[in-house]
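Quick notes on the structure that follows.
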Amino acid sequence: MADETKVVESSEMKFTEEELQSLQDLQNGYQEKQANLGQLSVQRILLNQQLEALEARQVELESEYEGVQQQERDIVQKLNEKYGPGQLDPQTGVFTPAPAPAPQ
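By our numbering, the letter at position 57 of the sequence shown is numbered 64, and the numbering carries on one by one without gaps.
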C-alpha cells in the first residue's frame, strides 16, 4: 500500500468590507471600554485620596473642638470661683447671681 498524501487545497477567502468593519468596531469597543475602566480606576484613586484627606481633617477638627470645650469648662470654673453660680447674659455682659438656697 502506498502512502496516500492528501492534498489540501488552499483556497483563500476574503471577508467582506462589512465583516471587516464589524471586527474593527468590536476591537475599538474593547479598547474604548478598557480605557474607560482605566480612567475610572484613576478617578477612584483620586477620590480615595480626597476622602482620606477629609477624614484626617475631621479628626483634627474634632480634637480642636474638644479643646474649645475644655476652654469653656475652664472659663466657667474661673467665673464660678470668682462670682459664684448664676446666669450671664452674653449680649449685655450682665451677671445675675443665683439665689441663695433657703435654709432648712
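Heads up, the beta-carbon is just placed ideally off N, CA and C, and yes, glycines get one too.
Using DSSP's beta-bridge definition, name the partner residues of F22. BP columns for F22 are empty, so no partner.
By DSSP's criteria, Q94 is part of a beta bridge. Which residues make up the other side? Paired residue(s): T103.
Between the Cα of P106 and those of P92, Q78 and G100, spot the shortest distance and give me the residue it belongs to. P92
Inter-residue spacing [alpha-carbon to alpha-carbon] between P110 and L61: 56 Å
Could you give the distance in angstroms between the alpha-carbon of Q76 and the alpha-carbon of K85? 14 Å
CA-to-CA distance, Y37 to V49, given in whole angstroms: 19 Å
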